[in-house]
Every structure is written in structure tokens, then in C-alpha cells.
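*Asks:*
Chains as they are written, first to last, in our numbering: chain A, 40 to 556; chain B, 58 to 144.
(1) Can you give me the start and stop residues for the beta strand (DSSP E) that residue 540 of chain A sits inside?
(2) Counting Cβ pairs, one atom from each stretch, are 3 or more of them under 8 Å apart for the segment 411-426 of chain A and the segment 374-391 of chain A?
(3) To the nearest angstrom, how far is the alpha carbon of residue 469 of chain A from that of residue 262 of chain A?
(4) How would you write the range of the beta strand (DSSP E) that residue 312 of chain A sits in, first residue to last?
(5) At the level of alpha carbons, what is the spacing between residue 62 of chain B and residue 169 of chain A?
(6) Pull the bridge partners of residue 484 of chain A from the DSSP assignment, please.
(7) Any Cβ of chain A within less than 7 Å of the Cβ of residue 87 of chain B?
(8) Just curious, the alpha helix (DSSP H) that residue 224 of chain A is in, first and last residue?
(9) For a quick check, are the C-beta atoms of residue 303 of chain A and residue 353 of chain A less than 7 Å apart?
(10) Would DSSP call residue 363 of chain A helix, strand or coil?
(11) Could you tell me which uninterrupted alpha helix (DSSP H) segments, each at least 4 residues in length, are contained entirely in the segment 175-221 of chain A, listed from first to last along the chain?
(12) Going along the chain, which residues of the segment 111-133 of chain B sit with their C-beta nearer than 7 Å to a C-beta in chain A?
(13) Check for me: the beta strand (DSSP E) holding residue 332 of chain A runs from which residue to which?
(14) If I'm right that residue 334 of chain A touches residue 312 of chain A with Cβ under 8 Å, what's the distance once you round it to whole angstroms?
(15) With 16 as the cutoff for other CB atoms within 10 Å, does residue 125 of chain B come out buried or exposed?
(16) Using a Cβ cut-off of 7 Å, pull out every chain A residue sitting near residue 104 of chain B, in sequence order please.
(17) Whose Cβ in chain A lies nearer than 8 Å to the Cβ of residue 138 of chain B?
(18) If you measure between the beta carbons of residue 522 of chain A and residue 49 of chain A, is that distance less than 7 Å?
(19) Could you have a look at residue 165 of chain A and say whether DSSP puts it in helix, strand or coil?
(20) What does residue 306 of chain A pair with, by DSSP beta-bridge criteria?
(21) Quick one: what's got a C-beta closer than 8 Å to residue 77 of chain B's C-beta in the same chain, skipping five residues either side?
(22) Are the C-beta atoms of residue 125 of chain A and some chain B residue less than 7 Å apart?
(23) Quick one: give me the first and last residue of the beta strand (DSSP E) that residue 129 of chain B is part of.
(24) Could you tell me whether the segment 107-121 of chain B touches the segment 471-487 of chain A, where touching means 3 or more Cβ pairs closer than 8 Å?
(25) In the DSSP assignment, find the unbroken alpha helix (DSSP H) run with residue 255 of chain A in it and report its ends.
(26) List the residues of chain B that residue 243 of chain A touches, going by C-beta distances under 7 Å, in chain order.
(27) When you compare the CB of residue 144 of chain B with every CB in chain A, is at least one pair closer than 7 Å?
(28) Between which residues of its own chain and residue 74 of chain A is the CB-CB distance below 7 Å, once the five residues before and five after are set aside?
(29) Straight-line CA distance for residue 87 of chain A to residue 444 of chain A?
(30) If distances are taken between C-alpha atoms only, which option among A:460, A:464, A:490 comes closest to residue 477 of chain A?
(31) Could you give the DSSP three-state label for residue 466 of chain A: helix, strand or coil?
(32) Check whether the Cβ of residue 101 of chain B lies closer than 7 Å to any Cβ atom in chain A.
(33) Tell me, please, which residues DSSP counts as bridged to residue 369 of chain A.
(34) Is residue 200 of chain A near residue 211 of chain A, with beta carbons less than 7 Å apart?
(35) Please classify residue 464 of chain A: is it buried, with 16 or more other beta-carbons within 10 angstroms of its beta-carbon, or exposed?
(36) Rounded to whole angstroms, what is the Cα-Cα separation between residue 89 of chain A and residue 61 of chain A?
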């Protein structure tokens with residue numbers, strides 16, 4: 040078991056490393072593509088050389104970022120087949136469709152229209168070029184959609200039926216998968232987050248030009264577009280974040296409890312604005328989970344249910360079986376101990392099915408299949424020995440969530456000031472301290488964005504598929520040393536590539552807007 | 058009028074138009090790559106990256122375990138069932 044958990048842990052770290060590396064590029068692609076689209080639209084309408092230069096400069100940086108990110112997501116698919124083969128087989132049918140569509144769209148839309156974007160300035164009409172730029176932006180977002188649908192399915196598995204003969208979840212309703220409320224919220228949250236990342240990048244780089252007292256008009260014009268895009272992006276990100284919180288409260292209440300370090304919920308539950316967790320806290324020791332905290336009364340009830348006088352279950356409540364219905368009402372459901380028993384019953388039914396299949400006994404197969412179907416919803420709990428194993432790492436989930444929220448609040452303030460200042464002639468942007476603030480906001484937005492993913496992914500542990508498959512069942516029968524080796528290889532290659540790529544980006548920024556690609 | 062109609066429906070003309078379109082698309086890429094400055098370094102980086110990913114990592118370190126070890130889907134399903142029931 041120890042060796043299995045070592046493989047699980049190393050595989051998790053490897054997946055986290057590659058996913059976080061991939062996510063360095065994706066949001067900037069999503070955001071910059073929209074900002075470049077707006078800039079080119081202004082050029083198209085004014086035919087001003089100034090806006091042509093502005094568009095081309097940011098388009099070049101978009102291209103560099105796009106090239107940097109190319110194929111970094113493919114590695115995740117490699118890992119599915121090698122490290123997570125059980126999982127990969129178990130969900131193959133569900134994941135196959137969205138990932139295949141993503142691959143086709145990514146290849147055809149992006150490869151075609153990006154080529155026109157970069158090579159077509161003098162070869163196609165301005166209208167066709169502008170359309171290509173917007174189609175690239177649209178293609179990037181649609182590409183993200185399918186990946187996020189696949190991820191959302193893991194958080195909220197719907198639209199499928201488990202076939203014990205194939206050992207696969209077979210999609211029985213494509214639209215349930217695609218239009219899952221978790222998927223829709225996740226998609227818009229991630230795309231709008233991309234706008235914010237792109238806008239901060241443009242503001243930060245423009246502030247660097249202002250700090251160096253170079254290309255002031257170019258910088259202020261860029262900031263004007265990015266400021267509004269960022270403000271729209273952060274408001275929409277907060278709005279969809281609120282939608283995500285409501286969804287999490289219903290479909291992953293344990294994650295919400297971990298996000299808040301909440302062990303025993305109540306009606307009118309406060310939300311922790313800032314807090315320091317007691318690292319020695321265990322779920323049943325009766326100790327206060329916080330060494331220090333500042334809380335907002337009723338905040339979590341409002342966030343989870345949009346109603347100050349509602350109940351939000353904590354970790355202990357959930358273990359006891361007190362949860363929320365999809366409508367947000369409190370419900371007494373199976374305790375985690377009961378779920379474990381039901382899960383083990385499902386495993387027994389699968390064993391019986393396997394035996395009946397070997398014996399060629401169709402009646403016994405049908406009977407075992409029916410029992411499995413009845414108990415399948417808690418199949419994953421059958422791998423747990425105790426309810427505590429279903430508690431995610433509270434510390435990492437709590438801190439990543441609060442880093443994301445605090446950084447998001449800061450970004451809202453940043454863009455309000457950025458837009459007000461731009462509208463009043465940009466006086467704030469003339470101040471050196473504010474220019475530094477804008478530059479230093481670049482790492483903040485990435486930390487915020489990555490922290491959001493850490494919250495989403497760590498908060499759903501131990502599940503790789505919520506309630507159906509824990510990470511330890513999903514892992515392949517491979518040795519820990521193999522994963523360790525490839526982990527360090529990835530770390531070395533990624534570091535080298537990142538350094539090379541950031542160097543190219545910085546050099547291009549230094550060359551300024553007069554030098555097109 | 059008939060001449061114009063024939064020009065559009067004549068298979069040879071259609072083929073020429075298609076070839077011309079394909080040629081224009083190909084030239085878009087060729088000229089684009091030729092006129093690149095920073096793009097060339099990027100392409101070098103992309104090629105190195107793709108080589109490392111597909112020819113080193115994928116080939117030597119990231120086999121699809123189930124495809125490698127089993128020949129049929131039934132065998133793969135059996136292997137996964139056995140694995141899932143033994144944990």
C-alpha cells in the first residue's frame with residue numbers, strides 16, 4: 040500500500056506540475072487574443088497607423104505565448120495513458136468525445152486563422168484579417184470549452200451509465216455532459232479569468248514602457264483597452280465565481296467545507312475573510328480550526344445559497360450525512376460510513392458480475408449488474424477504510440481559495456483605478472509607484488489564476504472522479520521510480536524551456552512596437 | 058454569357074482555380090515563414106519541444122500501458138476490473 044501511495048503522490052505532483060505549467064500560457068492566450076481583437080477592430084474602423092502598430096505589437100506577444108504553450112497540454116494526455124491507465128480506461132468514452140473535438144478544433148481553427156493573423160496582413164483584405172483574428176480568439180475559447188467540460192465531468196459525473204462488461208462509463212446523454220451547470224460555470228469562469236490575465240499583462244508591460252519613459256502614447260492607448268477588458272473580465276470572473284461557489288455547495292460540499300476550514304456548519308454561517316489554520320487540528324478533536332481569523336457574518340450562507348439564513352454543512356456534518364439538495368435545502372442523506380458500506384457492496388456486485396461472466400451465467404450477470412447499478416453512485420467510497428479518508432487536504436484548499444479571493448479583490452480594485460485614471464487623462468499612470476504596482480500585478484494575476492485551479496483540484500481529493508473513483512484506484516501498476524524519473528525530467532525540461540521562452544518574450548518587449556514580427 | 062458560364066463549369070478551369078487557391082494558401086505559409094524574425098527562434102523552440110515530447114518522452118517514457126500490455130479491449134477491461142477490485 041505504501042508503494043501504491045508513493046506512486047499516487049508522485050503522479051499527482053507530476054500532473055500538478057504539467058497542468059500548472061500549461062496554465063501559465065492558456066489564460067494569456069485567451070485574454071490577449073480578445074484584446075488584440077479589440078485593438079484590430081479599432082484599427083479596422085480608424086485605419087490609423089498607430090493602432091496598426093499597437094495591434095501588431097501585442098499580436099506578436101500573443102504569438103510568442105501561443106508558441107510557448109503549444110503541446111504543453113499533450114503531456115497531460117501522455118500521463119493519462121501511463122500513470123492513470125485505470126482512470127483513462129474507466130472514463131474513456133466520456134473523455135474521448137470532448138478531447139477529440141478539442142483536438143480537431145484546436146488544430147483546424149487555430150492553425151488556419153493564426154496563420155492568416157500573422158502572415159496575412161498584406162495577403163488578405165483587412166476585413167478577412169480582422170475576422171481571422173476574432174476567429175482565433177473564438178477558437179481558443181472553444182478549445183478551452185471542451186477541456187473544461189471534461190474536467191467538470193470529473194467534478195460532477197453526469198450523462199453516463201457504467202457498463203461492468205466493458206469496465207467503462209458509457210455516455211448516454213451527450214447534452215447532460217456538455218450542458219452540466221458545473222461545466223458552464225467553469226468555462227466562463229476560466230475564460231473571463233483569461234481576460235483578466237491578458238489585461239494585467241498588457242497593463243504591466245505598458246507600465247514598464249511608461250517607467251522607462253518610452254512610447255508613452257502607445258502605452259496609454261494599450262492601457263485604455265486593457266483596463267476596460269480587465270475590469271469587464273474581473274467583474275464577470277467574480278460573478279461566475281459566485282456561480283461556481285453555489286455549484287460546489289451542492290455537488291461538492293466537502294470541497295466547500297475545506298475551502299473555508301469549516302468543520303461544524305450552522306445556519307447563518309460566517310465566511311472567513313482572513314485566517315490562520317491550526318495545523319494540529321483533526322476533524323473530531325473539538326478544537327477551534329483557527330489560530331486567528333477575521334470573519335464576515337452570514338458570508339458563507341450568502342455565498343453558498345444566496346440566503347443569509349440558510350445552513351452550510353461543515354466537514355463533520357457531511358461525514359454524518361447532513362448535506363444540501365440541488366435546490367439548496369438541508370437534507371439528511373447517507374453518512375460517509377454508510378456510503379463506504381454501499382461502495383463495498385457495489386464492489387461485491389462487480390466481483391459477482393465478473394464470476395458470472397467467467398461462468399457464462401447470463402441470469403447471474405443480469406442480477407449482479409442490477410445490484411451494481413443500484414449502489415454505483417458510491418462505488419468510489421468502497422475503496423475507503425474510514426470516513427476521514429474522504430476529507431481533502433484542508434490547509435492547501437483553504438489557503439489557495441483565500442489567496443485566489445484576496446488576489447481577485449485586489450485585481451478588481453486595480454482595474455477600477457486603472458480605468459478611472461485612464462478616463463481622466465492617465466495621471467495615475469504617470470506616477471512611478473503606480474507603474475511599479477502595475478508591473479508587480481503581473482505575477483499576482485498568475486498566482487490568483489493558478490490558486491483557483493489548486494482550489495478546484497486539491498479540494499476534490501481524494502476523488503479523481505467525484506464519489507466514483509479515488510486517485511489510488513485510478514493509478515497504473517507502475518513503479519514509483521518511473522514516475523520520479525519522468526517528474527524530474529519534466530521539471531528540468533520545463534524550466535529550460537520557460538527560461539528560453541521568457542527571454543524571447545522580454546527581448547521582444549524591449550524591441551518595442553516599432554519592430555513587427 | 059455562355060462563355061462565362063463555360064468558364065465556371067469547365068472542369069479544367071475549376072481545377073486551375075483550385076490549384077491557384079491551394080498555391081495561394083501554400084504561399085501564405087511559405088512567405089510568412091520566410092519573412093519571420095522572432096518567429097524563427099520560436100519555431101526552433103517548438104521543434105525542439107515537440108521532438109523532446111513525442112520522440113523522447115512519448116516513445117521511451119510514456120507508453121499507453123493498456124495498449125502495450127494487452128491486445129484486445131476485452132483483455133484491457135479484464136485487467137482494469139482485476140486492478141480495481143484488488144485495491
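For glycine and all other residues, C-beta sits at the position ideal for the given N, C-alpha and C. Predicted model, so just to flag it, every value in this text is computed and none were measured.
*Replies:* Inspection of the coordinates gives the following:
(1) Along the first chain, read from residue 1 onward, the residue named residue 540 of chain A stands at position 501. No beta strand (DSSP E) holds residue 540 of chain A; the alpha helix (DSSP H) holding it covers 519-550.
(2) yes
(3) Residue mapping note: residue 469 of chain A aligns to position 430 of the first chain, counting from 1. Residue mapping note: residue 262 of chain A aligns to position 223 of the first chain, counting from 1. Between residue 469 of chain A and residue 262 of chain A, the C-alpha separation is close to 12 Å.
(4) To locate residue 312 of chain A, count along the first chain from 1; it is residue 273. It spans 310-316 - the beta strand (DSSP E) in which residue 312 of chain A sits, taken as one unbroken run.
(5) Stepping through the second chain from its first residue, residue 62 of chain B is reached at position 5. Stepping through the first chain from its first residue, residue 169 of chain A is reached at position 130. Reliability of the predicted coordinates at residue 62 of chain B is poor, the pLDDT of 48 falling under 50, and the value obtained from them is presented with this limitation in mind. Between residue 62 of chain B and residue 169 of chain A, the C-alpha separation is close to 33 Å.
(6) Position 445 of the first chain, counted from the start, is the residue given in the question as residue 484 of chain A. The partner list for residue 484 of chain A (beta bridge, DSSP) is empty, contrary to what the question assumes.
(7) As a position in the second chain, residue 87 of chain B is number 30, starting the count at 1. Taking Cβ atoms only, chain A never reaches closer than 7 Å to residue 87 of chain B, which makes this a no.
(8) The sequence position of residue 224 of chain A within the first chain is 185, counting from 1. Unbroken alpha helix (DSSP H) run through residue 224 of chain A: 220-250.
(9) By one-based count along the first chain, residue 303 of chain A stands at place 264. By one-based count along the first chain, residue 353 of chain A stands at place 314. Their beta carbons are under 7 Å apart, which means residue 303 of chain A touches residue 353 of chain A by this criterion.
(10) What you label residue 363 of chain A is simply residue 324 of the first chain in a count that begins at 1. Residue state, collapsed to three classes: strand.
(11) 213-217
(12) 114, 115, 118, 119, 120, 121, 122, 123, 133
(13) On the first chain, position 293 is the one that residue 332 of chain A refers to. Counting along the chain, the beta strand (DSSP E) containing residue 332 of chain A begins and ends at 329-335.
(14) Here residue 334 of chain A corresponds to residue number 295 of the first chain, with the count starting at 1. Here residue 312 of chain A corresponds to residue number 273 of the first chain, with the count starting at 1. The Cβ separation is near 6 Å, so the contact holds.
(15) Taking the first residue of the second chain as position 1, residue 125 of chain B is located at position 68. It is exposed - the Cβ of residue 125 of chain B has fewer than 16 other Cβ atoms within 10 Å.
(16) Counting from one through the second chain, the residue named residue 104 of chain B turns up at place 47. In chain order: nothing, as chain A lies at least about 11 Å away.
(17) As a working mapping, residue 138 of chain B is identified with position 81 in the second chain. The contacting residues are 203, 206, 389, 393.
(18) On the first chain, position 483 is the one that residue 522 of chain A refers to. On the first chain, position 10 is the one that residue 49 of chain A refers to. Cβ distance < 7 Å, so residue 522 of chain A and residue 49 of chain A count as in contact.
(19) Numbered from 1 along the first chain, position 126 holds the residue referred to as residue 165 of chain A. Of the three classes helix, strand and coil, the one that applies to residue 165 of chain A here is helix, per DSSP.
(20) Here residue 306 of chain A refers to the residue found at position 267 when the first chain is read from its first residue. A:350, per the DSSP bridge assignment.
(21) Counting from 1 along the second chain, the entry for residue 77 of chain B is found at position 20. Result list for residue 77 of chain B: empty, nothing under 8 Å.
(22) As a first step, residue 125 of chain A must be located in the first chain, where it is residue number 86. Answer yes: the Cβ-Cβ gap between residue 125 of chain A and chain B drops below 7 Å somewhere.
(23) Here residue 129 of chain B is taken as the residue at index 72 of the second chain, counted from 1. Where residue 129 of chain B is concerned, there is no enclosing beta strand (DSSP E), given that its DSSP letter is neither H nor E.
(24) no
(25) Translated into positions along the first chain, residue 255 of chain A becomes position 216. Start and end: 255-290.
(26) Your numbering for residue 243 of chain A matches position 204 in the first chain. In chain order: nothing, as chain B lies at least about 20 Å away.
(27) Numbered from 1 along the second chain, position 87 holds the residue referred to as residue 144 of chain B. Chain A contact via Cβ: present.
(28) Reading the first chain from its first residue, position 35 is the one you call residue 74 of chain A. The residues are 97, 237, 238, 241, 264, 265, 268.
(29) Against the first chain, residue 87 of chain A aligns to sequence position 48. Against the first chain, residue 444 of chain A aligns to sequence position 405. When rounded, the distance between both Cα atoms is 40 Å.
(30) Here residue 477 of chain A refers to the residue found at position 438 of the first chain. Nearest option by C-alpha distance: A:460.
(31) Start at 1 with the first residue of the first chain, and residue 466 of chain A comes out as number 427. Residue 466 of chain A falls in the coil class under three-state DSSP.
(32) Residue 101 of chain B sits at position 44 when you count from the first residue of the second chain. It does not: the Cβ of residue 101 of chain B has no partner Cβ on chain A nearer than 7 Å.
(33) Along the first chain, one-based indexing puts residue 369 of chain A at 330. BP columns for residue 369 of chain A point to A:363.
(34) On the first chain, residue 200 of chain A is found 161 positions in, with the first residue counted as 1. On the first chain, residue 211 of chain A is found 172 positions in, with the first residue counted as 1. Yes, these two residues count as a Cβ contact at 7 Å.
(35) As a position in the first chain, residue 464 of chain A is number 425, starting the count at 1. Burial call: exposed.
(36) Counting from one through the first chain, the residue named residue 89 of chain A turns up at place 50. Counting from one through the first chain, the residue named residue 61 of chain A turns up at place 22. One C-alpha to the other measures close to 33 Å.
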